[in-house]
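To start, the structure under review is shown below, and the notes come after it.
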Amino acid sequence: MAELNTDQLRTLVAVIDEGTFDAAAARLHVTPSAVSQRIKALEQSAGAVLVRRVTPIQATEAGLVVLRHARKLALLDLDLTRELSAAGREAGVLSVPIAVNTDSLDTWFLDALTALTPRADIVFDLRREDQEHTLELLRSGEVAAAVTSIAEPVQGAVSVPLGSMRYRAVCSPAYAEAHLGGVAHIKRIAAAPYVDFDRKDQLQHRLYHAVVGTEGQAPRHYAPTTGAFTRAIFGGLGWGLLPDQQCAAALESGELVRLGGARSVRVPLYWQRWAISSGVLDEVTDAVRTAARASLVR
């Protein structure tokens, strides 16, 4: 395999991030023809097809390997640029892709990023995914770090425990009257409707199965945004599991009630990041650990 060209590697990252040659060209301030030529040249150097020319453009298996390499080089290059800044080298802007589960993103995770010293040379590309699936994005090289529920580090990464998100089974008082015979208790949920975030969400299903003992046929609503999910529960469409950060005040005020007999569910979270020496990733990691200590259950 021939030596890979830095500009061509940057172009691969832009093409995968932006999804089209035209959008990548706009990001790189070159023509779409130049983007196409760089990708072709990179594929010739790598000896493999690196992208599927669909919409949005997707990396092939070989492309994912080169993509990981390209993203790591970009991080290392930014570290070098910062060290040389005193010599007058102008810094570029690096996009740091991070995969984060929805509940972390909507509760504590942004506190980590906003606590960082404001910088003009870094932007964050947050990818929303279920905590059991964020690791696939890290493994493929699409992101540099991920919040995940899996402790075992993927190849080439390190894993740092963050703490646990605690979820409580809750419903509205009106829902308890309508579907649970006026008694908000977990033993009454066999035929009662519940709410899932999406079809990857397994929290409610696992609790239901543990209580009822079967797969069950209870009606299920899907509400695939945090706002829609919480409003569905508050509004009485179904019972569901909400993190402490989203239900504590409502439980105290009586706007929501806990399902008696249901233990809280704790989901341990881990921060997995590439195992490379990078000042940028080190800073983000420290900020994430600090924010997690302030919000998660130890």
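Counting in this note's numbering, the sequence shown runs from 124 upward without gaps.
C-beta: ideal position from N, C-alpha, C; glycine also.
Remember, predicted model here, so these are calculated numbers, not experimental data.
| Query | Result |
| --- | --- |
| L258, buried or exposed, once every other Cβ within 10 Å from all chains shown has been counted against 16 | buried |
| DSSP beta-bridge partners of T271 | Y393 |
| Spatial neighbours of A209 in its chain, beta-carbon cut-off 7 Å, leaving aside the 5 residues before and after | Caution is warranted here: a pLDDT of 49 is assigned to A209, below 50, making its placement in the model unreliable, and the coordinate value is therefore given only provisionally. Around A209: no qualifying Cβ. |
| R176 versus A182 - alpha carbon distance | 9 Å |
| Euclidean distance between Cα positions of L187 and Y331 | 38 Å |
| Local conformation of R235 per DSSP, three classes | In the sequence on display, residue 235 carries Ala and not Arg. Looking at A235 - three-state DSSP - the assignment turns out to be helix. |
| Euclidean distance between Cα positions of A315 and I309 | 10 Å |
| Residue interval of the beta strand (DSSP E) (run including P284) | 280-294 |
| Beta strand (DSSP E) segments (min. 3 residues) lying fully within the stretch 360-389 | 363-366 |
| Three-state secondary structure (DSSP) of R212 | Annotation note: pLDDT 48 at R212 (below 50); position unreliable, coordinate value reported separately. Coil at R212, not helix or strand. |
| Residues of its chain near T237, where Cβ-Cβ distance is below 6 Å and the 5 sequence neighbours each way are ignored | none |
| For T348 and D321, the rounded distance between their alpha carbons | 9 Å |
| R250: first and last residue of the uninterrupted beta strand (DSSP E) it sits in | 245-251 |
| Coil, strand or helix - G227 by DSSP | Here the sequence assigns Ser to residue 227, which means Gly is not the residue at that position. In the structure shown, S227 sits in a helix (DSSP, three-state: H, G or I). |
| Stretch-stretch touch, CB-based, cutoff 8 Å, three pairs: the stretch 356-375 with the stretch 292-300 | yes |
| Closer than 7 Å: L360 CB and nearest the ligand COA heavy atom | The ligand content of the structure shown is nil, which means the ligand COA is not present either. |
| Nearest neighbour of V283, chosen from V380, R150, T413, S387 [CA to CA] | T413 |
| Within-8 Å CB hit, Y290 to chain D | Looking for chain D here will not work: only one protein chain is present. |
| Same chain only: Cβ atoms within 6 Å of L151, ignoring 5 sequence neighbours per side | A137 |
| In chain order, each beta strand (DSSP E) run of at least 3 residues that lies wholly inside the stretch 292-345 | 317-319, 343-345 |
| R133, enclosing alpha helix (DSSP H) - first and last residue | 129-141 |
| Coil, strand or helix - S400 by DSSP | coil |
| Assigned exposure category for E252 - 16 Cβ within 10 Å defines buried | buried |
| Neighbourhood of P366 by C-beta, 7 Å cutoff - its chain only, sequence neighbours within 5 removed | D226, T230, M288, R289, Y290 |
| Through-space distance from R133 to A169, alpha-carbon basis | 15 Å |
| Helix, strand or coil at R175 [DSSP, three-state] | strand |
| Classification of T154 by the beta-carbon crowding that lies within 10 angstroms, buried from 16 upward | exposed |
| 8 Å Cβ cutoff met for W394 and A268 | yes |
| Inter-residue spacing [alpha-carbon to alpha-carbon] between P179 and K195 | 23 Å |
| For L285 and L392, believed in contact at Cβ under 8 Å, the rounded distance | 5 Å |
| Cβ distance (whole Å) where I221 is taken to contact L249 below 8 Å | 6 Å |
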